[in-house]
Each structure stands twice: as C-alpha cells, then as structure tokens.
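2 protein chains.
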Amino acid sequence: MKNKTTIHDIAKALSIDASTVSRALNNSPRVNQKTKDRILSKANELGYQRNLLASNLRKNKTNTIGVIVPRISRHFFSSVISGIEEAAYDAGYNVIICQSLEQLKRERDIVGTLLANRVAGVLLSVSMETNDYDHLLNMKNNGTPFLFFDRHCDIEGISSVLIDDVQGGFDATEHLILNGCKNIGHFSGPQKLSIYKNRLAGYIKALEKYKIPYRPELVLRSSLMEIDGTEGAKTLLSLPHKIDGLFSANDIAAIGAMKYFKNEGIRIPDEIAIVGFSNEPISEVIDPSLTTIDQPGFQIGQISTKLLLEEINKSSNLKKANKTILKSSLIERDSSRK
Amino acid sequence: MKNKTTIHDIAKALSIDASTVSRALNNSPRVNQKTKDRILSKANELGYQRNLLASNLRKNKTNTIGVIVPRISRHFFSSVISGIEEAAYDAGYNVIICQSLEQLKRERDIVGTLLANRVAGVLLSVSMETNDYDHLLNMKNNGTPFLFFDRHCDIEGISSVLIDDVQGGFDATEHLILNGCKNIGHFSGPQKLSIYKNRLAGYIKALEKYKIPYRPELVLRSSLMEIDGTEGAKTLLSLPHKIDGLFSANDIAAIGAMKYFKNEGIRIPDEIAIVGFSNEPISEVIDPSLTTIDQPGFQIGQISTKLLLEEINKSSNLKKANKTILKSSLIERDSSRK
DNA sequence: TTCAAAAATACAATCGATTGTATTTTTGGG
DNA sequence: CCCAAAAATACAATCGATTGTATTTTTGAA
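Going down the list, the protein sequences come from chains A and B.
So the first sequence is residues 1 to 338, counted in the working numbering.
So the second sequence is residues 1001 to 1338, counted in the working numbering.
Below, the structure written as structure tokens:
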C-alpha cells in the first residue's frame, strides 16, 4: 500500500544505475537531457517521491528550521511566524513551528526533538519559566545555529533580534504621565526575562524623568495571563495608595484588569488610564480601546530568519553575536485619553 | 564543531559493537544491565543524541504527525492545535504545524513536504481555495493516513471530525428570528467548503421553519476576512430590501461589518442584530459583544488525533471512513439582544 | 579513420541506526 | 567438572539517497 517507489525502482525500470537517477532528479549537468526526461517521466509514472529522511541523512543536513514560541495564539508571535515563513520559504527552507506553552519542560523537549531531527537552525523566544539554559547551551555546543527573538537569554555567541523594551516601557509610562497620571501601577512578568526587566526599567526611567517617586509596591509580577490581570487589578485597588494609571507589560493582563475595573464601576480612562503592550487585535476593539505598544512582528520574523540563514551558511566558526534592536511604537487609543 | 557522536563512537570507546549500543539505548532486554549502564554513561559523556533521520529511515516510519490549518492565528485553530498536541504528546508523537494561509498552492507544497518527510499521518483543515484534490488523493494513494477536521472534502475512505454546521447555522438564524429579525443577511464563504454550504443550509432551514421568504440577494459570498465583512455590510445597506439582522459564517467578517455599521451610525442590535460563528476571543470584548456559535476546538483536536492514531496503528487496510459530528453551541451576547 | 578530451553512465562507499542471525560467554543442574 | 540452555554480544545486511571515482560512450579535430 505505502508508496515505496525509490530511485532504485526507477533505475531498475529503466535499466540504469540509481546514481544516475539521483543525479537526474537533482538536475545534475552530468546527466544527458534525454535520460533526464525518461527518468522524470518514469518517476512521475511510478509516483516517486523523494525520501527526505534518506536524503538528509546522507547530506548530513536538512533545510528545515525550527521555531519555538511560547504560544502561537498570541498575535505578536503569529506575526513573527508569518515573517519567518516568508523569509524561509524564499530561501527554500521549511519551518517547523512549536509552542512551549510557557513551560520549561516542553521547551527542553522541543529542543531535543528539533536537534534529533537535525534541523538546520532554530529561532526561539524563550518561555517564562526558562531560568536554566542547559538545553540551550547543549544546542550551542552541538553546533546547531540558533537565534533569539523578542525574549532572549544572555548566551555568549548567540545573536538576538529584539525590540527596545526600555524605550517601550518608557514611552508607555511617559504617555500616562503626560495624560495626568501620578500614581501608576505596573504589571510585570518574570524578571529572568529581560523584556520584562527592561519594560520595568523604562517605567522607572519615565518616573524619574518626571520626578515621580518610584513605589515598588505598585509593581506586580505575574505570568501576565488574563486572570493575573484581574487579580492584579484587585490587589492594586486594595492598596492605600490610590492609582490613577496602569502600565501592563502585555495586553492580555491589561484586559484582565480592564474587565475587573469595569465590573467595579471604575471609569477608564477617567479614574484609571491604562496602557498595554503588544497590540493584540483584541485591544483595538475592546471598550474602551486599549492604548498599547506595537511591535513589528512580521519584520522581526523576517530579520531573524535572514540572520539565522546567514549563520547557517557561514562556513567559518567565528561567532560574532550581535543584537539587532528594533523600535516599537505607541498606539494611542481611548483607554488612556483623559 | 557539530556534534557528531554516533553509536559507533560510543561502541568504539567501549570496545563493543554498535548493535549492542543501539539496543542498550533502546533499553532492549537483550543487553546486560551493567553494559547498559556503561553505555548510557558514555553516551552522556560524549553528548550523544540519537539521529532520528537515520533511525526513522531504518524503521521506515516516523512518530511525527503533520497538521495543516489555514491560519494558526485563528483562535479556533489554535485551540484545535492545543488539543492535537496534548493527545499526540501523550501517545509519544511529535507534531509539525503548518499554515496554508488559505492558499491551495501552499497547501500542496506542505503536503509534499510532509510526505517527503514521511510523517506518520496528517490532520488537515483545507484552505478556502481548495477545489482540486489531487494532492490529497496522492496522499491517499501513497498510503499516508490522514483525517479532516472542521473543513473537509468528500474523499472516499477518509474520515473527518466535524461540527454540525447545519445546526449551527440554524441556531444562529433562529436566534435572530426569535429576536424579531425578519430580513436577515448572511455572509457565506466558498461553497466548495461544506462548512459554508452547511451553515447556509441551516440559515435557509431556519427561514423556512418560520415562513420567512429566502432572498438569495441577501446572501453574500466572500473569503470572510475583515475587509469582506466591511464591504459586505456596505453592499447589504445598498439593497432596496432593508435588513434588520445579519448572520456571518465567521466572527471576523461579522466584526468587519460591525465596524462599518457603527461608523455609519447604525445601532447594533436595535437596527441590525448580528450573530457570528467561531467564538473568537475578540468577540467577547468588542462593543457590543458579539453573539456567536462556539465550536469545541480543543475537543476536536483531541478526537481527531485519537482517530488518526488508530488509523496509523491499524494493520489492516480496511478503510471505514466515518464522520464524527460534534455539537456547537450558541453564545448569546449583546449584538443580538433587542 | 584515429584518438584524446569530454560527456555520460556505472560502481561502490557512505550517512547513522536498526534488526535478524550467528557466535561467544555465562549459568547452573547433574 | 561438563555441557546444554540461556544470556550476552558480535556480525552483517538494510533503509534510500548521495557523491567521489572509475569506466564506458560519444564527440570532433586532426
């Protein structure tokens, strides 16, 4: 039943050698055009389909790149993936998409599987749980080129494509301040991830610029899921210090908070102005629409892929890690316009 | 640089045969425990990692299943994928996720790549452009088990996991009627896809039940992107027959229409009530919140995977295609409550 | 017509792991 | 202490394609 046509079957059918068939199918100049035609038509007739397992094994390389993201359902990540696919496709590479679901264990497993499948390279954005880099160091020692995008780890010799999160956090916070907020809460994520550390740094920087005292109790750390936003909102309201602004390190948690505030009858933005991060599509339509920081996902995907492919095709081993930093932009909507 | 440790390296280091190493790594009872221990520790020491290309080639099978969806960014599909991953992971299978982006060409390419990589089976939801089944018939002849979910084609011997779209369309339309609508427009998709044909059939069935004349000019066909919804809304408004209800075969187009209506100052649901389909997260937060039909994505993914794995592990060739039909449920929100 | 160069094709090893069969080693009952 | 059975290990073929080298065939200039 299974299609078992191999180059040997074709060779036998035409009484020629398998090596010639292989070369013909790869359009090698060493094979006569007439022979190529015969082989191609016979291959077609027999429903031949190259066995990439065998091919890749022999060539000791694949033209597949692995992509690991925390969740494909996040708009930012699916945009990045689109960018990756486009760039990879143009270069003749396939893409395997995997999601860690923010779990270190899954991330480890995925790295293992990708390496076992001998992918040509890996693009990844680490999970929130990733505080242990063994699997990544392993991949590095192993010689598999990889590159971080958005969420990275500091590993010697590994490049990354990032956005300027300090600036993003600064812009978001400054925007709130310029709209009259004086007591601004902040939802942050795991501090092991520099994106969250940096957004927080931007927040603090903005407070400093405007001489607003930094109150650590207004900064809540969580996994930034919707439920975390809801609970964070509750926590903030319970503080003696009343907040009038909130900068959340992602849109999802911001929305969780919005729902809670709305439920409590708190007016947004009048009583509390809110700014998110990532520009999820949902943020545009929620009421009030959510001011947020837009990240160029598609472009990040394209650039990352281009850099990774360079790395893959680089013969030399001179590792020159570089950080590519892209700009984000604030999108002003109703949740912050007082 | 590249990690080249093979079972032969381990074998040589321990002065034993590679076959023993292989058996040890696979925990075969034919190898002495002490030897296993030595091999395992040496493998660890050398940073050995099984080459799945070689392994799969030899075994002539992989434990990878391919998944093809139109777009990973659609909430419904990412839920299905989560279900698939969970079920596959439990059974020791890996998952390759691919998106056709609604393009037939890409779907064809993806099928080719998956077959070339000898995946154990494929789960797919066809693209809107898919009107030609050659690539799928090819996969069938080839003997690769596959199964449709949500969007299927009628191919002899191929099972599918679907939801009851006629019922869903009926429920949506009846809901509008019971809320007082008499002139209900409908956004439909390509009629080659039975999901859209069926939702339309449900729409018509509901009209018949309530003795409302069916007006074909109120049914617009498109790719159901947001822009199609916006344009569809414009078209519907230009008709002599004024509509007071709209059933869109997906949420995205419904939202496109909502935006247009809101822009035109048309009140929802008072002047026009709207029901979508798929329950995208965005539908819950848009203002007014969108009534929609929820599909059990996660469950669809789990069931599909279970059935596919059965198919894969079935030795016999007796093809007994079956359709599994799941129920959808209407979620009533503000866009339809008059 | 001849023959060296070029073109076309065949041969054979190889990628790394698996697995059926053969051989060696160990075990334990008599 | 011997030997058959069991256990452990070694040998060798194989999966399907690729590729360096060798051989055969063709070409065309002298």
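Even glycine gets a Cβ: it sits at the ideal position worked out from N, Cα and C.
Source: prediction; values computed, not measured.
According to DSSP, residues forming a beta bridge with residue i
{"i": "A/Phe298", "result": "Beta-bridge pairing links A/Phe298 to no other residue."}
{"i": "B/Val1080", "result": "Beta-bridge pairing links B/Val1080 to no other residue."}
{"i": "A/Gln99", "result": "A/Val69"}
{"i": "A/Val21", "result": "DSSP, once it has assigned bridges, lists no residue as partnering A/Val21."}
{"i": "A/His186", "result": "A/Val219 and A/Phe247"}
{"i": "A/Ile325", "result": "A/Leu162"}
{"i": "B/Ile1331", "result": "B/Thr1292"}
{"i": "B/Phe1148", "result": "B/Leu1124 and B/Ser1160"}
{"i": "A/Val340", "result": "As shown, chain A starts at 1 and ends at 338. That puts residue 340 of chain A outside it, with no answer to give."}
{"i": "A/Asn94", "result": "A/Thr64"}
{"i": "B/Ile1286", "result": "A/Ile286"}
Same chain, Cβ closer than 8 angstroms to residue i, neighbours up to 5 away in sequence not counted
{"i": "B/Met1001", "result": "Low local confidence applies: a pLDDT of 47 at B/Met1001 is under 50, so the model's placement there is unreliable, with the coordinate-based value given in what follows. Within the same chain, B/Met1001 has no close Cβ partners at all."}
{"i": "A/Thr35", "result": "Ile16, Thr20 and Ala24"}
{"i": "A/Leu46", "result": "Thr5, Asp9, Ile10 and Ala13"}
{"i": "A/Leu104", "result": "Ser127, Glu129, Thr130, Asn131 and Asp132"}
{"i": "B/Asp1251", "result": "Gly1276, Phe1277, Ser1278, Asn1279, Glu1280, Ile1282, Ser1283, Leu1290 and Thr1292"}
{"i": "A/Phe76", "result": "Asp150, Ser278, Asn279, Glu280, Gln295 and Gly297"}
{"i": "B/Gln1167", "result": "Gly1202, Lys1327 and Ser1328"}
{"i": "B/Pro1269", "result": "Asn1179, Pro1288, Asp1334, Ser1335, Ser1336, Arg1337 and Lys1338"}
{"i": "A/Pro339", "result": "Not covered by the structure: residue 339 of chain A. The range shown for chain A is 1 to 338."}
{"i": "A/Ile340", "result": "The first residue shown for chain A is 1 and the last is 338, placing residue 340 of chain A beyond what the model contains."}
Residues near residue i in its chain [Cβ-Cβ closer than 7 angstroms; skip 5 each side]
{"i": "B/Asn1322", "result": "Ser1159"}
{"i": "A/Ile243", "result": "Asn183, Ile184, Gly185, Leu218, Leu236 and Ile272"}
{"i": "B/Lys1042", "result": "Ile1010, Ala1013 and Leu1014"}
{"i": "A/Ile300", "result": "Val80, Gly83, Phe149, Asp150, Val161 and Leu326"}
{"i": "B/Asn1063", "result": "Gly1092, Tyr1093, Asn1094 and Ala1120"}
Counted within 10 angstroms of its Cβ, other Cβ atoms place residue i as buried (16 or more) or exposed
{"i": "A/Arg267", "result": "exposed"}
{"i": "A/Ile81", "result": "buried"}
{"i": "B/Arg1074", "result": "buried"}
{"i": "A/Ile204", "result": "buried"}
{"i": "B/Glu1368", "result": "No information on residue 1368 of chain B is available, as it lies outside the stretch 1001 to 1338 that chain B covers here."}
{"i": "B/Gln1302", "result": "buried"}
{"i": "B/Leu1239", "result": "exposed"}
{"i": "B/Glu1156", "result": "exposed"}
{"i": "A/Asp357", "result": "Because chain A spans 1 through 338 in this model, residue 357 of chain A falls outside it and cannot be assessed."}
{"i": "B/Gln1191", "result": "exposed"}
{"i": "A/Asp90", "result": "exposed"}
{"i": "B/Arg1030", "result": "exposed"}
{"i": "B/Glu1311", "result": "buried"}
{"i": "A/Gly92", "result": "exposed"}
{"i": "B/His1241", "result": "exposed"}
{"i": "A/Gly189", "result": "buried"}
{"i": "A/Asp165", "result": "buried"}
{"i": "B/Asn1117", "result": "buried"}
{"i": "A/Ser22", "result": "buried"}
{"i": "B/Glu1107", "result": "buried"}
Sequence-distant residues of its chain with Cβ nearer than 6 angstroms to residue i (five each side left out)
{"i": "B/Asp1334", "result": "Pro1288 and Ser1289"}
{"i": "B/Phe1187", "result": "Leu1220, Gly1232, Ser1248, Ala1249 and Ala1253"}
{"i": "B/Gly1245", "result": "Leu1176, Cys1181, Ile1184 and Ala1273"}
{"i": "B/Arg1332", "result": "Here residue 1332 of chain B is Glu; the residue named in the question, Arg, does not match the sequence. Same-chain partners within the cutoff: Thr1291."}
{"i": "B/Ala1018", "result": "Ile1007, His1008 and Ala1011"}
{"i": "B/Ser1125", "result": "Val1069, Phe1149, Asp1150 and Arg1151"}
| task | State whether the segment 284 to 300 of chain A contacts the segment 162 to 181 of chain A, with contact taken as three or more CB pairs (one from each stretch) at a distance under 8 angstroms. | result | yes
Under 9 angstroms, CB to CB, which of the residues in the segment 250 to 282 of chain A have a partner in chain B?
Ile255, Met258, Lys259, Glu280, Pro281 and Ile282
> Does the segment 1225 to 1233 of chain B come close enough to the segment 1192 to 1202 of chain B to have 3 or more Cβ pairs within less than 8 angstroms?
Replying inline: no
Handout entry: Three CB pairs or more closer than 8 angstroms across the segment 1114 to 1125 of chain B and the segment 1145 to 1158 of chain B
Key = yes
Taking a cut of 8 angstroms between CB atoms, which residues from the segment 282 to 300 of chain A lie near chain B?
Ile282, Val285, Ile286 and Asp287
Next on the checklist: Please list, in chain order, the residues of the segment 323 to 335 of chain A that have any C-beta partner in chain B closer than 9 angstroms.
Outcome noted: none
Interface positions of the segment 299 to 314 of chain A facing chain B (Cβ-Cβ less than 7 angstroms), listed along the chain:
none
Could you list the residues in the segment 1138 to 1162 of chain B with a C-beta less than 9 angstroms from some C-beta on chain A, going in chain order? Asn1138, Asn1141, Asn1142, Gly1143 and Thr1144
> Of all the residues that make up the segment 1106 to 1137 of chain B, which are near chain A by a beta-carbon distance shorter than 7 angstroms?
Replying inline: Thr1113, Leu1115, Ala1116, Asn1117 and Arg1118
Fill in: Residues within the segment 33 to 50 of chain A neighbouring chain B, beta-carbon criterion of under 8 angstroms
Gly47, Gln49 and Arg50
| For the segment 1230 to 1246 of chain B, which residues have a beta carbon sitting closer than 7 angstroms to at least one beta carbon of chain A? | none
Inset, instruction - Identify each residue in the segment 1050 to 1073 of chain B for which the Cβ-Cβ distance to at least one residue of chain A is less than 7 angstroms, and report them in chain order. - result: Arg1050, Asn1051, Leu1052, Leu1053, Ala1054, Asn1056, Leu1057, Ile1072 and Ser1073
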